[in-house]
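Using full-length UniProt numbering, the letters of the sequence shown correspond one by one to residues 1 to 231.
Where is the CB? At the ideal position from N, CA and C, for every residue including glycine.
Please read all numbers here as calculations on a predicted model, not as lab measurements.
Comments concern the structure below.
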Amino acid sequence: MSSKHRVVVLKIVAGELSVTAAAAEYGMSRQYLHKLLARYRDEGLDGLKPRSRAPLTSPQAVTDRVRDRIVQLRAALTAAGTDAGPVTIAWHLTQEGLQAPSTSTIRRILHTAGLIAPEPRKRPRSSYIRFEADRPNETWQSDFTHWRLAEGTDVEILNWLDDHSRKLLSCTVHHPVTGKTVVDTFLHCVDEFGPPASTLTDIQAGWAALEQVRRPAGRIGVVRHPPVVVA
């Protein structure tokens, strides 16, 4: 993995740099940075590794047992309301002692099984409405990211970010993130910085704990925004 790619993508994701500012600072084109961000969204940090020029692994090279388990995990995780993407499925395969194929291979298997709907044609970027809170504590954003430690342990990193100031209010590591974790870290931020007027999270990224945040948040007057597209 290019450490430069990892640093610039994580800075953009954390809101420390815009794509335009990152392109100028790191000498990369905006088009290439958007490609790296798309890989990160689809494959996690694996997507930032240098692309091999060798032919891609065929789904037919995966054993029937692993292929069937991928389909089963997709259905089970989706039914449970948790993240069911290729990165999460690969983690579960490894935990079960199975040889996990690459995340791109898992995605192709899911496509073949009809479990991933084709993406609609993307709108032009000029049609996006940029959202930014006008004042500190007007809106907090939150998400979590999978990370594999050097010794092989998989963890999840949970962040809370003030949308106006871009201040990282909380960054904690868990194994894994749970509903109680989300509630506890949220309330800890409230104790330290005061309550936000609203919260914004990405439900489509597997935010199963959202409703557990909503209940204590409601008691202190916090409004939860529906998910929005942020350019």
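Taking the alpha carbon of proline 50 as the point to measure from, which residue in Val71, Lys4 and Ala79 has its own alpha carbon closest?
By alpha-carbon distance to proline 50, the top candidate from Val71, Lys4 and Ala79 is Lys4.
Closest by C-alpha distance to histidine 92, when choosing among Val71, Ala117 and His188:
Val71
Check each candidate in Thr178, Pro195 and Glu151 and name the one with the smallest Cα separation from leucine 169.
Out of Thr178, Pro195 and Glu151, Pro195 has the C-alpha closest to the C-alpha of leucine 169.
Return the chain-ordered list of same chain residues with a C-beta closer than 7 angstroms to the C-beta of tyrosine 26, the five sequence neighbours on each side being excluded.
Lys4 and Val8
What does the alpha-carbon distance come out to for the pair glutamate 16 and lysine 167?
Rounded to whole angstroms, glutamate 16 to lysine 167 spans 9 angstroms at the Cα level.
Give me the DSSP bridge partner(s) of tryptophan 91.
Paired residue(s): none; tryptophan 91 is not in a bridge.
Can you have a look at glutamine 156 and say buried or exposed, based on whether 16 or more other CB atoms are within 10 angstroms of its CB?
One detail in the question is off: residue 156 reads as glutamate in this sequence, not glutamine. Label assigned to glutamate 156: buried.
Determine the direct distance from the alpha carbon of glycine 47 to that of methionine 1, and round the result to whole angstroms.
In this predicted model, methionine 1 has a pLDDT of only 46, less than 50, meaning its place in the structure is not dependable; the value taken from the coordinates is given anyway. Going from the Cα of methionine 1 to the Cα of glycine 47 covers about 9 angstroms.
Run the proximity test for valine 7: is its beta-carbon closer than 8 angstroms to any non-hydrogen atom belonging to the ligand ATP?
With respect to the ligand ATP, the structure shown offers nothing to examine, as it has no ligands at all.
From this set, Ser142, Pro136 and Gly44, which residue's C-alpha is nearest phenylalanine 193's C-alpha?
Pro136
Local Cβ density within 10 Å of alanine 22, reported as buried at 16 or more and exposed below that
buried
Is arginine 74 closer than 9 angstroms to leucine 115 when the C-beta atoms are compared?
yes
Alanine 208 by DSSP, collapsed to three states: which one?
With a pLDDT of only 49 at alanine 208, under the threshold of 50, the placement of this residue in the model should not be trusted; the figure read from the coordinates follows. In this structure, alanine 208 counts as coil in the three-state DSSP scheme.
C-alpha distance - isoleucine 89 paired with isoleucine 106, whole-angstrom precision
If you take the alpha carbons of isoleucine 89 and isoleucine 106, they lie about 8 angstroms apart.
Going by DSSP, name the residue or residues bridged to threonine 145.
Ile157
Let's test the definition: count the other Cβ atoms within 10 Å of the Cβ of glutamate 43 and tell me whether it reaches 16, buried, or not, exposed.
When all chains shown are included, glutamate 43 counts as buried.
Pairwise C-alpha distance: aspartate 184 and threonine 178
10 angstroms
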